[in-house]
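A short write-up of the structure that comes next.
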Amino acid sequence: MELKVLVDNNTIIDKYYLGEPGVSYLITEGDVKLLFDVGYSDVFIQNAEKMNESLMDVNYIVLSHGHNDHTGGLVPLIKHYSQAQDAGVSFNKPMIISHPDALSHKEYDGDGIGSILDKQTLSQYYDIQLSKAPVWITENLVYLGEIERGNDFENIDPIGLCEKDGQLVDDHVKDDSSLVYISPEGLVIITGCSHAGICNIIEYAKKVCNDDRIVDVIGGFHLISPSDLQSKGTLKYFEENTISNIHPCHCTSLEYKIKLSKFSDVLDVGVGLSLSYS
Numbered sequence: 001m002e003l004k005v006l007v008d009n010n011t012i013i014d015k016y017y018l019g020e021p022g023v024s025y026l027i028t029e030g031d032v033k034l035l036f037d038v039g040y041s042d043v044f045i046q047n048a049e050k051m052n053e054s055l056m057d058v059n060y061i062v063l064s065h066g067h068n069d070h071t072g073g074l075v076p077l078i079k080h081y082s083q084a085q086d087a088g089v090s091f092n093k094p095m096i097i098s099h100p101d102a103l104s105h106k107e108y109d110g111d112g113i114g115s116i117l118d119k120q121t122l123s124q125y126y127d128i129q130l131s132k133a134p135v136w137i138t139e140n141l142v143y144l145g146e147i148e149r150g151n152d153f154e155n156i157d158p159i160g161l162c163e164k165d166g167q168l169v170d171d172h173v174k175d176d177s178s179l180v181y182i183s184p185e186g187l188v189i190i191t192g193c194s195h196a197g198i199c200n201i202i203e204y205a206k207k208v209c210n211d212d213r214i215v216d217v218i219g220g221f222h223l224i225s226p227s228d229l230q231s232k233g234t235l236k237y238f239e240e241n242t243i244s245n246i247h248p249c250h251c252t253s254l255e256y257k258i259k260l261s262k263f264s265d266v267l268d269v270g271v272g273l274s275l276s277y278s
């Protein structure tokens, strides 16, 4: 599997790509090519073009959750494909894979923070598969679906509101999910924001894939200003579990990268980073 960072808060020195506070990874596994999240704007498209990476043959768009720094790029991608069509360039119609709640209305303090386009509108341009259950994209690559939340220190407080059955309710971001690649050496876990809790995600990945070995975890860890309860629980988890390499980024503060480095090798992430796993 190959992973290229198209969007991150940071950029790799001397690469001269654009950055924004969001996530988008271009992932290739065998004959399958997918986008994991699409950032906030068209930045992922601009960076892909600078990397000479075509988005015309993307098979899937996997959404980690519905927040607009992960889904906002769906709108410019529609324009990108429309321009290709007008120019006579052929392209795949990618399938969106996400949790059903990812395309629901979300807001925080009255401001919309969810996907700009709803399911009905998106379905005019993309095929859509909504699932709470794991979805096996290839034999070795799985979308986890709704993450089981088994510990008592993560995802305690809601993040804004979401629409459920026509009413606004506290949003515990049940749509937050991840991808997992099963390598011969163990699991590579790819996260968006880890609203479900990075420890919950790792444990659920082990369960779904029936493998306790963790090769790497890349993505947002949702550790900017965690509560004392979450902080202590998360650090204890990493201390007690063998996770040799991690690539925490996006919504992970420098403070917590340093704290996590006591237990795992913390590796840098930025637009232009390319990772390869056997």
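Residues 1 to 278, numbered by UniProt numbering, are exactly what the sequence shown covers, in order.
Cβ atoms here follow ideal geometry from the backbone N, Cα and C, with glycine treated the same way.
The structure presented is a predicted model; accordingly, all values stated were derived computationally and were not measured.
Requested in this report: Determine the extent of the alpha helix (DSSP H) in which V208 is found, giving its start and end residues.
Outcome: The residue you call residue 208 lines up with position 208 of the sequence shown. That run of the alpha helix (DSSP H) goes 198-209.
Query raised in the report: Should S231 be listed as close to the ligand FAD, given that the test is whether its C-beta is under 7 Å from any heavy atom?
Result: The ligand FAD is not part of the structure shown, which contains no ligands of any sort.
**Report entry** Contact under 8 Å by Cβ, residue 280 with E154
**Finding:** Residue 280 lies beyond the range of the chain shown here (1 to 278); nothing can be said about it.
Query raised in the report: Is the stretch 123-143 in contact with the stretch 177-196, if contact means three or more CB pairs nearer than 8 Å?
Result: yes
Report task. Would you grab the beta carbon distance between D101 and C162 for me? Rounded to a whole angstrom, and I think it's under 8 Å. Result -> Locating residue 101 in the sequence shown gives position 101, counting from the first residue. Locating residue 162 in the sequence shown gives position 162, counting from the first residue. So it is a contact: roughly 6 Å between Cβ atoms.
Report task. Would you please state the rounded distance, in angstroms, between the beta carbons of F44 and S24? I believe it to be under 8 Å. Result -> As a working note, residue 44 is residue 44 in the sequence shown. As a working note, residue 24 is residue 24 in the sequence shown. 4 Å between Cβ atoms; contact.
Query raised in the report: Around the C-beta of D157, are 16 or more other C-beta atoms found within 10 angstroms, so that it is buried, or is it exposed?
Result: If you number the sequence shown from 1, residue 157 lands on position 157. Looking at its Cβ environment, which holds fewer than 16 other Cβ atoms inside 10 Å, D157 is exposed.
Query raised in the report: Run through DSSP, which three-state label would L74 get?
Result: Mapped onto the sequence shown, residue 74 falls at position 74. Helix.
Report task. Spell out a yes or no on whether the stretch 91-98 and the stretch 111-129 are touching, meaning 3 or more CB-CB pairs, one atom from each, closer than 8 Å. Result -> yes
Query raised in the report: Using 8 Å as the threshold, is the stretch 9-20 in touch with the stretch 267-275, meaning 3 or more CB pairs across them?
Result: yes
Query raised in the report: Taking the C-alpha atoms as reference points, what is the distance between D152 and G197?
Result: Walking along the sequence shown from the start, residue 152 turns up at place 152. Walking along the sequence shown from the start, residue 197 turns up at place 197. Each residue's alpha carbon lies about 10 Å from the other.
Query raised in the report: So the beta strand (DSSP E) I96 belongs to, where does it begin and stop?
Result: Within the sequence shown, numbered from 1, the residue matching residue 96 stands at position 96. Segment 95-98, the beta strand (DSSP E) holding I96.
Query raised in the report: If you follow the beta strand (DSSP E) that L141 is part of, which residue opens it and which one closes it?
Result: Position 141 of the sequence shown, counted from the start, is the residue given in the question as residue 141. Unbroken beta strand (DSSP E) run through L141: 141-143.
Report task. Go to residue 287, then tell me how far its beta strand (DSSP E) extends in each direction, as first and last residue. Result -> This structure cannot speak to residue 287, because the chain is shown only from 1 to 278.
Query raised in the report: Should V266 go down as buried or exposed, given a rule of 16 or more other Cβ atoms within 10 Å for buried?
Result: The residue you call residue 266 lines up with position 266 of the sequence shown. Looking at its Cβ environment, which holds 16 or more other Cβ atoms inside 10 Å, V266 is buried.
Report task. Work out the CA separation of L223 and K259 for me, nearest whole Å. Result -> By 1-based counting over the sequence shown, the position of residue 259 is 259. By 1-based counting over the sequence shown, the position of residue 223 is 223. Straight-line Cα distance between these residues: approximately 11 Å.
Query - DSSP state of V217 mapped onto helix, strand, coil - result: Taking the sequence shown and counting its residues from 1, one reaches residue 217 at position 217. V217 falls in the strand class under three-state DSSP.
Requested in this report: Report the option in C251, H70, S278 whose CA atom is closest to the CA atom of G39.
Outcome: By one-based count along the sequence shown, residue 39 stands at place 39. Nearest option by C-alpha distance: H70.
Query raised in the report: Taking C-beta to C-beta, are residue 279 and I189 nearer than 8 Å?
Result: A question about residue 279 goes unanswered here, because the residues of the chain that appear run from 1 up to 278.
Query raised in the report: So L124 is in the alpha helix (DSSP H); what residue range does that whole segment cover?
Result: Here the question's residue 124 lines up with position 124 in the sequence shown. Residue 124 is actually Gln in this sequence, not Leu. Looking at the DSSP string, Q124 is not in any alpha helix (DSSP H), and its letter there is neither H nor E.
Query raised in the report: In chain order, what residues of the same chain lie with their CB nearer than 8 Å to the CB of V89, ignoring the 5 residues before and after it?
Result: Here residue 89 is taken as the residue at index 89 of the sequence shown, counted from 1. For V89, where only same-chain residues beyond five positions count, the Cβ hits under 8 Å are M56.
Query raised in the report: With a CB to CB cut of under 7 Å and the five nearest residues on each side skipped, what residues in its chain are close to F238?
Result: Here residue 238 is taken as the residue at index 238 of the sequence shown, counted from 1. Correct list, in chain order: L260, F263, S264.
**Report entry** Contact check, M1 vs E29, beta carbons under 8 Å
**Finding:** The residue labelled residue 1 in the question sits at position 1 within the sequence shown. The residue labelled residue 29 in the question sits at position 29 within the sequence shown. For M1 and E29, yes; Cβs fall inside 8 Å.
Report task. Measuring alpha carbon to alpha carbon, tell me which of G219, E185, L229 ends up nearest D211. Result -> On the sequence shown, position 211 is the one that residue 211 refers to. Nearest C-alpha to D211: E185.
**Report entry** I113 to V173 span [Cα, whole Å]
**Finding:** Indexing the sequence shown from 1 puts residue 113 at position 113. Indexing the sequence shown from 1 puts residue 173 at position 173. For I113 and V173, the distance between alpha carbons rounds to 12 Å.
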